[in-house]
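Scroll down for the structure; my scribbles are underneath it.
Protein chains: 2
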Amino acid sequence: MKNDKITSRDVDFAKWYTDIVRAAHLADYTSVKGCIAIEPNGYAIWEKIQSIMDKKFKELGHVNVQMPLLIPENLFNQEKELIEGFAPELIWVTEVGNKKFDERFAIRSTSETLFCDYYKKHITSYKDLPKLYNQWCNVFRYEKETRPFLRSREFLWQEGHTVHASEEEALKETYQMMEVYRWFNHEILAIPSITGKKTEKEKFAGAEFTLTNEDLMYNGVCLQDGTSHYFGQKFSKAYDVKFTNKDNQEEYVYYTTWGKTTRAIAAIIMVHADDYGLVLPPRIAPKQVVIIPIGNDDKVNNLCNKYKEELSNSNIVSYIDDSEKSPGFKFAEAEVNGIPVRIEVGLRDLESNKITLVRRDTREKISVDCNTDIVKCVSELLETIQKDMYKRAIERRDKLTFEAHNLEEMKNILNTQPGFIHAMWCGSPECEMKIKEIKGCKSRCILEEKPIDDKCVCCGKEAKHHVIWGIQY
Amino acid sequence: MKNDKITSRDVDFAKWYTDIVRAAHLADYTSVKGCIAIEPNGYAIWEKIQSIMDKKFKELGHVNVQMPLLIPENLFNQEKELIEGFAPELIWVTEVGNKKFDERFAIRSTSETLFCDYYKKHITSYKDLPKLYNQWCNVFRYEKETRPFLRSREFLWQEGHTVHASEEEALKETYQMMEVYRWFNHEILAIPSITGKKTEKEKFAGAEFTLTNEDLMYNGVCLQDGTSHYFGQKFSKAYDVKFTNKDNQEEYVYYTTWGKTTRAIAAIIMVHADDYGLVLPPRIAPKQVVIIPIGNDDKVNNLCNKYKEELSNSNIVSYIDDSEKSPGFKFAEAEVNGIPVRIEVGLRDLESNKITLVRRDTREKISVDCNTDIVKCVSELLETIQKDMYKRAIERRDKLTFEAHNLEEMKNILNTQPGFIHAMWCGSPECEMKIKEIKGCKSRCILEEKPIDDKCVCCGKEAKHHVIWGIQY
Chain A
11 MKNDKITSRD
21 VDFAKWYTDI
31 VRAAHLADYT
41 SVKGCIAIEP
51 NGYAIWEKIQ
61 SIMDKKFKEL
71 GHVNVQMPLL
81 IPENLFNQEK
91 ELIEGFAPEL
101 IWVTEVGNKK
111 FDERFAIRST
121 SETLFCDYYK
131 KHITSYKDLP
141 KLYNQWCNVF
151 RYEKETRPFL
161 RSREFLWQEG
171 HTVHASEEEA
181 LKETYQMMEV
191 YRWFNHEILA
201 IPSITGKKTE
211 KEKFAGAEFT
221 LTNEDLMYNG
231 VCLQDGTSHY
241 FGQKFSKAYD
251 VKFTNKDNQE
261 EYVYYTTWGK
271 TTRAIAAIIM
281 VHADDYGLVL
291 PPRIAPKQVV
301 IIPIGNDDKV
311 NNLCNKYKEE
321 LSNSNIVSYI
331 DDSEKSPGFK
341 FAEAEVNGIP
351 VRIEVGLRDL
361 ESNKITLVRR
371 DTREKISVDC
381 NTDIVKCVSE
391 LLETIQKDMY
401 KRAIERRDKL
411 TFEAHNLEEM
421 KNILNTQPGF
431 IHAMWCGSPE
441 CEMKIKEIKG
451 CKSRCILEEK
461 PIDDKCVCCG
471 KEAKHHVIWG
481 IQY
Chain B
11 MKNDKITSRD
21 VDFAKWYTDI
31 VRAAHLADYT
41 SVKGCIAIEP
51 NGYAIWEKIQ
61 SIMDKKFKEL
71 GHVNVQMPLL
81 IPENLFNQEK
91 ELIEGFAPEL
101 IWVTEVGNKK
111 FDERFAIRST
121 SETLFCDYYK
131 KHITSYKDLP
141 KLYNQWCNVF
151 RYEKETRPFL
161 RSREFLWQEG
171 HTVHASEEEA
181 LKETYQMMEV
191 YRWFNHEILA
201 IPSITGKKTE
211 KEKFAGAEFT
221 LTNEDLMYNG
231 VCLQDGTSHY
241 FGQKFSKAYD
251 VKFTNKDNQE
261 EYVYYTTWGK
271 TTRAIAAIIM
281 VHADDYGLVL
291 PPRIAPKQVV
301 IIPIGNDDKV
311 NNLCNKYKEE
321 LSNSNIVSYI
331 DDSEKSPGFK
341 FAEAEVNGIP
351 VRIEVGLRDL
361 ESNKITLVRR
371 DTREKISVDC
381 NTDIVKCVSE
391 LLETIQKDMY
401 KRAIERRDKL
411 TFEAHNLEEM
421 KNILNTQPGF
431 IHAMWCGSPE
441 CEMKIKEIKG
451 CKSRCILEEK
461 PIDDKCVCCG
471 KEAKHHVIWG
481 IQY
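Protein chains in written order, with this note's numbering: chain A, 11 to 483; chain B, 11 to 483.
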């Protein structure tokens, strides 16, 4: 039964999105303008994202640290490009009690400044390198609109900040961490992101270049979801972070940063959820299986407990919903919360030795012998769901992927059904700006491995880059 | 060999403390006044604290959430007692870019305000209760001095905020969470905290009562380390958090909060560390064993790898230090970092089939057959270290625990060697203030189960409470 608290996705996508967020208890607006409360169901997804990514980071030699939230204005000003990019979005602390501070403190919108200041003090020799630091924290950017997970003044993220003794090593790190994000989206979130390089205009303020993961939402709007920046020696020169190299000469360190945010939760929703609620890929679902007893009966309850125990022993996270709600209510709740597999154990079914498994992604019901090997059965089903969700996401992405050979075609696509638009580009900012005039369409990323087999989509001159364009969140 | 970067503990305790923090790379001062950077070794301890406590919280039914960092001034003002207690320590956000906000926002020093505001919106019936929410986050209090982990403007903590349908249930939660903190300190940190109730003067602003864990540092100074507050209906009335009870009547919810901070790291240092560096109880050590090959030899390296693999398979966290440093340097580094067990594998020892195990806590060297069951041997040694550290901490605490029967005795103790001072108290704030005049000595907690077998230590009148007093950080 369709949840009447959820607007249909095809009727009003924006309303559908916020309906899902609230119906699945992922987050809510608060009395603090522009800031959201991440509720238990939403935070549990973030914890799962953290645990999987953090493990991967650590396998690659990274360690976690915690830098201050507040950044003194004079320190921030040392890197002009950074502050210019961020200045209008910065939020300032100016007072304690009723007393003014001598200097303003920015609340971090990103922490390059503090990491550089730290590294400056702690690095002297090539023996101190590399430093592979990461932090999980809250950051602030002043936003006028608020949409949970998608846009809010405060959000959560991880920011990696690494320094290296050579350009080669730092470049390797930049590409390696992009690959981690790509892997995570494809393998864990079942989101077939496209990975490429940002144009000069769209790269991170102060970076030499920026790599990005671009997701395509169900409605054809693009979402940047994980970026990896190569800074070269730009920041280390601005903040004077030097080391003595093997040849006993002073050199500036090579610097990279990379980050992924709670936006990933928005992507999960907008790629996978449907009119019945959230749909979670099994590998990121905090709870993978719900077991629902129908009727209060010893045989039913014992079987539920047995399944729960067997699944737990095999590291499949399940829970029994033995609350006083009606079975129908429990089914709907599990559905809106996106639990990948539902096991219904009812007396009547048991008379013929049957139980019912329900896939959240397709809502398909599967009748199974109650004496089946439940671990094998459920783990195979979870794997199938993960694969099918990924496959459907690829199909949707490909269906909304277009080619444009001139501005007219570009306009037609964007006015009909936006998506990923492949089009060649001469590399001039003027053409990029002109394309932006069509519904705010921006370059998503440059695909360096793709062929350049046409003239610039805008000016018709020689093209330099194969670019994906689209409308963004 | 004593580390020459570490002042002797008995010569200058305060200097010794900061020397340990820096030499073990736990934290450092930053260019942000009053704020510290938690470095990888320090943050790894916090991650371990988080993982053990978070698991326990979840076993007891708690879930994690994330509320905003910023609190609008008008919301904060709704609960007068709270703001009065915190007002001088509050740090305010007033500007974005170069524009003033219409209203100031406090940076959270604690989040009762936001949790109440959230609960108000989300609770209607007894069916919505209890809500057992916790959050891990950063908080701010304006401090004039800065001492890493002990006192800084920003620190990390967890804050539990739970609401219940009855006083009984909320009281049970308050005591239960105190017991979690007590368990954690005794069993995991090997710190024999004393648990009791704060006096009216020392309780949390706005609470009905506060339970506390009080640790005794090596130098006899006390440290509050984990508190659990019962608020009754005080906050729910101030913030209008109501529910319809089973009798269909409106009632205010019963509220508790409880928190533990990065101060726990300060306690670990000041209870266990010595002149050679940090000493970590095995159960909280992020790395429990370091394996150090002496000489670059296949036989040595193979054995190191074998040990590492066997220990990993049994969930004992070990690492091989195969860096290019000298063995002596590696020994000292492992020692200053507090790694509980060091395994030295050297060619000469191997000629007689021996390896050396070194306990960090006692620095005792143990010669062991190289074919020993390394997992059994090391896990038993880790258990012994944990127990011995706890035992020594109890001995030290008891040695620094005194009784005072009048003000003169109190003064003598505090002037000679501070510690935990048992003394009876009449309950009057005047006597509490008078005692505070002696070197700032404060009531640590009321021991409700202990006998009242004397007159008030200050006024000599009838005593109401058995209290522990001491000088605090």
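Ideal Cβ positions, reconstructed from N, Cα and C, are used throughout, including at glycine.
Query, Result
"Whole-number beta carbon distance between ILE46 (chain B) and THR156 (chain B), since they are thought to touch under 8 angstroms", "7 angstroms"
"C-beta contact flag for ASN255 (chain B) and ALA175 (chain B) at 8 angstroms", "yes"
"Extent of the continuous beta strand (DSSP E) run through ARG407 (chain A)", "Per DSSP, ARG407 (chain A) belongs to no beta strand (DSSP E); it is in the alpha helix (DSSP H), 384 to 409."
"Identity of the residues DSSP links to MET225 (chain B) by a beta bridge", "Rather than Met, the amino acid found at residue 225 (chain B) in this sequence is Asp. According to DSSP, ASP225 (chain B) bridges with B:LEU233."
"Closer than 8 angstroms to chain A by CB, ALA47 (chain B)", "yes"
"The segment 301 to 318 of chain B contacting the segment 353 to 367 of chain B, beta-carbon criterion three pairs below 8 angstroms", "yes"
"Cβ contact (3+ pairs, closer than 8 angstroms) linking the segment 345 to 352 of chain B and the segment 282 to 298 of chain B", "yes"
"Whole-Å CB distance - ILE198 (chain B) paired with ILE304 (chain B), under 8 angstroms assumed", "With a Cβ gap of about 33 angstroms, ILE198 (chain B) and ILE304 (chain B) do not count as contacting."
"THR272 (chain A) in three-state terms, based on DSSP", "coil"
"Length at least 4, wholly inside the segment 70 to 114 of chain A: the alpha helix (DSSP H) runs in chain order", "83 to 86 and 90 to 96"
"Alpha-carbon to alpha-carbon, ARG370 (chain B) and GLY7 (chain A)", "Beyond the ends of chain A as shown, which are 11 and 483, falls residue 7 (chain A); an answer cannot be given."
"CB-CB length for MET188 (chain B) against SER238 (chain B), believed under 8 angstroms", "4 angstroms"
"Those residues which DSSP pairs with VAL355 (chain B) across a bridge", "B:PRO303"
"Where LEU321 (chain A) sits in the DSSP three-state scheme", "helix"
"Cβ of ASP127 (chain B) within 8 angstroms of any chain A Cβ", "yes"
"Element boundaries [beta strand (DSSP E), containing HIS174 (chain A)]", "164 to 174"
"Residue closest to ASP331 (chain A), alpha-carbon to alpha-carbon, out of A:ILE302, A:MET399, A:PHE150 and A:ASP359", "A:ILE302"
"Closest residue to THR491 (chain A) among A:ILE204, A:ARG161 and A:GLY236 (Cα-Cα distance)", "Residue 491 (chain A) lies beyond the stretch modelled for chain A, which goes from 11 to 483, so this question has no answer here."
"CB of ARG114 (chain A) within 8 angstroms of CB of GLU83 (chain A), strictly", "yes"
"Candidates A:ILE101, A:ALA277 and A:GLY170, of which the one nearest ILE2 (chain A) by Cα", "In the structure as shown, chain A starts at 11 and stops at 483, and residue 2 (chain A) therefore has no counterpart that could be examined."
"Three or more C-beta pairs below 8 angstroms linking the segment 201 to 212 of chain A and the segment 70 to 84 of chain A", "no"
"Presumed contact (8 angstroms Cβ cut-off) between SER328 (chain B) and VAL368 (chain B), rounded CB distance", "Between VAL368 (chain B) and SER328 (chain B) the Cβ distance is about 14 angstroms, and since that is not below 8 angstroms, they are no contact."
"TYR249 (chain B): CB within 7 angstroms of a non-hydrogen atom of the ligand HEM", "This structure simply doesn't include the ligand HEM, nor any ligand for that matter."
"Where LEU160 (chain B) falls: helix, strand or coil (DSSP)", "coil"
"When A:THR411, A:THR123 and A:THR271 are compared against ALA215 (chain A), the one with the closest alpha-carbon", "A:THR123"
"Residue-chain proximity (GLN76 (chain A), chain B), Cβ-Cβ < 8 angstroms", "yes"
"Per-residue DSSP class, three states only, for TYR483 (chain A)", "coil"
"PRO428 (chain B) burial status per 10 Å Cβ neighbour count (16 or more: buried)", "buried"
"Limits of the unbroken alpha helix (DSSP H) element including ASP127 (chain A)", "122 to 132"
"Outcome for PRO439 (chain B) when other beta-carbon atoms lying within 10 angstroms are tallied against a minimum of 16", "exposed"
"Beta carbon proximity, LEU139 (chain A) to chain B, threshold 8 angstroms", "no"
"Outcome for SER121 (chain B) when other beta-carbon atoms lying within 10 angstroms are tallied against a minimum of 16", "buried"
"Distance between LYS318 (chain B) and THR372 (chain B) (C-alpha atoms, nearest Å)", "23 angstroms"
"8 angstroms Cβ cutoff, TYR228 (chain A) in contact with chain B", "no"
"Reduced DSSP category for GLY44 (chain A) - H, G, I as helix; E, B as strand; rest coil", "coil"
"C-beta neighbour in chain A for SER41 (chain B), strict 8 angstroms", "yes"
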